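Take a look at the structure below.
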Amino acid sequence: MATCAHSKLLLAVTACLATCAQGLVSLHASPGRAQSRLRMACLADGDPHGQGRREALQTGLSGASAAWAALGGGAAGGLLAARPARALGTIPETAGLTRVAAQAVLRVTDTDAVVAFFTKGLFMSVLRQTKSADGTLTTTIGFGSDELAVPKDFVAGISSFKDYGAHFTLQLVEPPEAEKPQEGYEFGPSFAYLAMGVPFYRISKLMEAGGEIVSAYGFTVVNAPGGLPCQVVLGDELRDPFMFAAYRVKDLKASEQFYGDTLGMKKCEYPRARPALVSSFEPPQPPKSSYLSFSDDTFGVLLLPKSSGTWPKGLKPADIRPVSERGREAWGGLRIVDGAGALATPGNRAVASLIEEGEPDGNGIKFVDIQTFEAEIS
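Note that this note's numbering has the sequence shown beginning at 3, numbered continuously upward.
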């Protein structure tokens, strides 16, 4: 009976989120990465969102409010305690969204080795590092600030995108010795590779920094220390070099439904780091795969059917690993920053947990409220 109740609850939440997605379609339809420079002009004019964007925001909020009310939220209570949506910061790329994939949590056995690879080989920066009472070391790295706001000293048309905000980050978690991953890293049982498009790198530097080169014909497939597979493309078309996390999925339709209908992502144009649509220096979207994100200009997921026979050079399919005996809490995964206030608040933690547990292949998903995220990065 409990299982049946949980299923009905998840179906109700999914239906509600789908309704919200319809109401927020204008918010999610942000310009692609190639138009980021256009938004810089808006910033220079002192109107980062534009009148049309403000109208779209109002339309989206109305649709979301109606959806939550239909489910029984609002003053009368109900399944979820509704709350007005809060903009995800003030930066144009996220301010019109209700959720964004902001961070990937990666459990590692050797933080120093992983940090050396990404900072010396791919020129990332260490943003924060803390050590808890139990000895867990947490290090956040990225290509730029993860603050969801335009830095005060950023000058449109002059400053580098590295100095801009809303960068996706990696949170490296090295637990105490007894709890360290059995392998060099843990991200998710069906994780395939992490894709990046960077304006500059050298294969020799990747190797010096501890990377294992798997393939280097046009673009580079390299294993970071611990074995984390990375696909690196040379290109400068991206606002943020982090592109997506690729997963090998057992059931493509089920995964599309989870990331789309349940989480609120949408099918987007496959991200590219180079201007040419066809190039030996950048792999095309794998056949039969599906790319989803909360917008065209934020980090997404590439769903690869495990049965697909075509893979990027140097990347071969492998068996989906079982979930750790320590459970999903022991795995890394994506952190979704939520500004709608309907899932990540304490009163709705049970509903959020139910959705997090619904990832079809057991990959980690965690909701974090926008206030909590802002407190973490401040």
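We put the beta carbon where it would ideally sit given N, CA and C, even for glycine. Predicted, not measured: the structure shown is a model, and the values here were computed from it.
Just checking my contact of Ile160 with Thr264 at CB under 8 Å: how many whole Å lie between their CB atoms?
On the sequence shown, residue 160 is found 158 positions in, with the first residue counted as 1. On the sequence shown, residue 264 is found 262 positions in, with the first residue counted as 1. In fact, because the Cβ distance is near 42 Å, the residues do not count as touching under 8 Å.
Taking all protein chains shown into account, do 16 or more other C-beta atoms lie within 10 angstroms of the C-beta of Phe283, making it buried, or fewer, making it exposed?
If you number the sequence shown from 1, residue 283 lands on position 281. The residue is exposed, with fewer than 16 neighbouring Cβ atoms inside 10 Å.
Take Tyr272 and list the residues in its own chain whose beta-carbon comes closer than 6 Å to its own, dropping the five residues that flank it on each side.
Stepping through the sequence shown from its first residue, residue 272 is reached at position 270. Result list for Tyr272: Gln287, Tyr293, in chain order.
Go through its chain and collect everything with a Cβ distance to Thr138's Cβ below 6 Å, but skip five positions before and after it.
Within the sequence shown, numbered from 1, the residue matching residue 138 stands at position 136. For Thr138, where only same-chain residues beyond five positions count, the Cβ hits under 6 Å are Pro177.
Buried or exposed (CB count within 10 angstroms, at least 16 for buried), Tyr261
To locate residue 261, count along the sequence shown from 1; it is residue 259. So Tyr261 ends up on the buried side.
Beta carbon of Val224 nearer than 8 Å to that of Leu305
Looking up residue 224 in the sequence shown gives position 222. Looking up residue 305 in the sequence shown gives position 303. In this structure, Leu305 does not lie closer than 8 Å to Val224 by Cβ.
Could you give the residue range of the alpha helix (DSSP H) that holds Val117?
Position 115 of the sequence shown, counted from the first residue, corresponds to residue 117. From DSSP, the alpha helix (DSSP H) with Val117 extends over 113-118.
Shortest alpha-carbon distance to Asp242 belongs to which of Phe125, Ala168, Asp114?
Taking the first residue of the sequence shown as 1, we reach residue 242 at position 240. Checked all of Phe125, Ala168, Asp114; the closest Cα to Asp242 is Ala168.
Is Phe221 helix, strand or coil by DSSP?
As a first step, residue 221 must be located in the sequence shown, where it is residue number 219. Three-state DSSP puts Phe221 in a strand.
Cβ-based burial, Gly229 [other Cβ within 10 Å; buried from 16]:
Taking the first residue of the sequence shown as 1, we reach residue 229 at position 227. So Gly229 ends up on the exposed side.
With the cut-off set at 8 Å, would you say Gly123 and Tyr203 are in Cβ contact?
Along the sequence shown, read from residue 1 onward, the residue named residue 123 stands at position 121. Along the sequence shown, read from residue 1 onward, the residue named residue 203 stands at position 201. Result yes, Cβ atoms of Gly123 and Tyr203 sit closer than 8 Å.
Just to confirm, are Ala247 and Phe193 a CB contact at a threshold of 8 Å?
Residue numbering aside, residue 247 sits at position 245 when the sequence shown is read from its first letter. Residue numbering aside, residue 193 sits at position 191 when the sequence shown is read from its first letter. Yes, the pair counts as a contact, with Cβ atoms nearer than the cut-off.
Rank Phe119, Ala352, Leu108, Leu90 by C-alpha distance to the C-alpha of Ala211 and give the top, closest one.
Taking the first residue of the sequence shown as 1, we reach residue 211 at position 209. Ranking the options by Cα distance to Ala211, first place goes to Phe119.
Could you check how far apart the C-beta atoms of Thr171 and Thr141 are, in whole angstroms? I think they sit under 8 Å.
In the sequence shown, the residue the question calls residue 171 occupies position 169. In the sequence shown, the residue the question calls residue 141 occupies position 139. Between Thr141 and Thr171 the Cβ distance is about 10 Å, and since that is not below 8 Å, they are no contact.
Tell me, to the nearest whole angstrom, how far the beta carbon of Gly341 is from that of Lys368; I am working on the premise that it is less than 8 Å.
As a position in the sequence shown, residue 341 is number 339, starting the count at 1. As a position in the sequence shown, residue 368 is number 366, starting the count at 1. That belief does not hold up - the Cβ atoms of Gly341 and Lys368 are roughly 15 Å apart, past 8 Å.
Consult DSSP for Arg351 and reduce its assignment to one of helix, strand or coil.
Along the sequence shown, read from residue 1 onward, the residue named residue 351 stands at position 349. Looking at Arg351 - three-state DSSP - the assignment turns out to be helix.
If I measure Cβ to Cβ from Arg274 and keep anything under 7 Å in the same chain, skipping five residues before and after, which residues do I get?
Along the sequence shown, read from residue 1 onward, the residue named residue 274 stands at position 272. Here the set comprises Glu239, Glu284.
Short Cβ contact (8 Å threshold) for Asp371 with Glu95
Within the sequence shown, residue 371 is the residue found at index 369, counting from 1. Within the sequence shown, residue 95 is the residue found at index 93, counting from 1. No, Cβ-Cβ distance for Asp371 and Glu95 is not below 8 Å.
Output the distance between the C-alpha atoms of Leu108 and Val157, rounded to the nearest integer angstrom.
Counted from its first residue, the sequence shown places residue 108 at position 106. Counted from its first residue, the sequence shown places residue 157 at position 155. If I take the Cα positions, the gap works out to 33 Å.
Where does Arg241 sit, in a helix, a strand or coil, going by DSSP?
Stepping through the sequence shown from its first residue, residue 241 is reached at position 239. Coil.
Where DSSP assigns a beta bridge to Val157, which residues make up the other side?
Stepping through the sequence shown from its first residue, residue 157 is reached at position 155. Paired residue(s): none; Val157 is not in a bridge.
Using a threshold of 8 Å, state whether the C-beta atoms of Pro307 and Lys290 are closer than that.
If you number the sequence shown from 1, residue 307 lands on position 305. If you number the sequence shown from 1, residue 290 lands on position 288. Yes, they are a contact pair.
For Leu150, count neighbouring Cβ atoms within 10 angstroms of its own Cβ and tell me buried if that reaches 16, exposed if not.
Working through the sequence shown from its first residue, we reach residue 150 at position 148. It counts as buried.
Once you ignore the five residues that flank Phe163 on each side, which residues in its own chain have a CB closer than 6 Å to its CB?
Against the sequence shown, residue 163 aligns to sequence position 161. Within the same chain, Phe163 has close Cβ partners Arg241.
Taking DSSP as the reference, what is the three-state secondary structure of Ala71?
The count along the sequence shown starts at 1 and reaches residue 71 at position 69. Here Ala71 scores only 36 on pLDDT, less than 50, and its place in the model should not be relied on; the value that follows carries that caveat. DSSP places Ala71 in helix when its eight states are reduced to three.
Taking just the CA atoms, how far does Gln184 sit from Met209?
In the sequence shown, counting from the first residue as 1, residue 209 sits at position 207. In the sequence shown, counting from the first residue as 1, residue 184 sits at position 182. Taking the straight line joining both Cα atoms gives about 24 Å.
Pick from Asp165, Ala103, Leu279, Thr92: whose alpha carbon is nearest that of Met245?
Residue mapping note: residue 245 aligns to position 243 of the sequence shown, counting from 1. Selected option, being the one with the closest Cα: Ala103.
Please confirm whether any heavy atom of the ligand GTP lies closer than 7 Å to the CB of Val110.
For the structure depicted, the ligand GTP is absent and the ligand set is empty, with no information on it obtainable.
If contacts are defined as beta-carbon pairs under 8 Å, then Pro153 and Asp136 qualify, I think. What distance do you get, rounded to the angstrom?
The residue labelled residue 153 in the question sits at position 151 within the sequence shown. The residue labelled residue 136 in the question sits at position 134 within the sequence shown. In fact, because the Cβ distance is near 34 Å, the residues do not count as touching under 8 Å.
Going by the CB atoms, is the gap between Arg101 and Ile379 shorter than 8 Å?
Stepping through the sequence shown from its first residue, residue 379 is reached at position 377. Stepping through the sequence shown from its first residue, residue 101 is reached at position 99. Not closer than 8 Å, so no.
Gln184, enclosing beta strand (DSSP E) - first and last residue:
Numbered from its first residue, the sequence shown carries residue 184 at position 182. From DSSP, Gln184 is part of no beta strand (DSSP E); its letter is neither H nor E.
Report yes or no: is there a C-beta of chain B within less than 8 Å of the C-beta of Ala226?
No chain B appears in the structure shown, which is made up of a single protein chain.
Checking the sheet assignment: what are the DSSP bridge partners for Cys232?
The residue you call residue 232 lines up with position 230 of the sequence shown. Its beta-bridge partners are Leu196, Val224.
Roughly how far, in whole angstroms, is the beta-carbon of Cys270 from the beta-carbon of Gly237, given that I think they are within contact range, below 8 Å?
Within the sequence shown, the letter at position 268 stands for residue 270. Within the sequence shown, the letter at position 235 stands for residue 237. Not a contact, Cβ separation roughly 18 Å.
Given a cut-off of 8 Å, decide if Gln173 and Ala197 are closer than it, judged by their beta-carbon atoms.
By 1-based counting over the sequence shown, the position of residue 197 is 195. By 1-based counting over the sequence shown, the position of residue 173 is 171. No; because the gap between Cβ atoms is not below 8 Å, this pair is not in contact.
For Leu129, the nearest candidate out of Gln105, Leu99, Leu279, Ser257 (CA to CA):
By 1-based counting over the sequence shown, the position of residue 129 is 127. The candidate whose alpha carbon is nearest that of Leu129 is Gln105.
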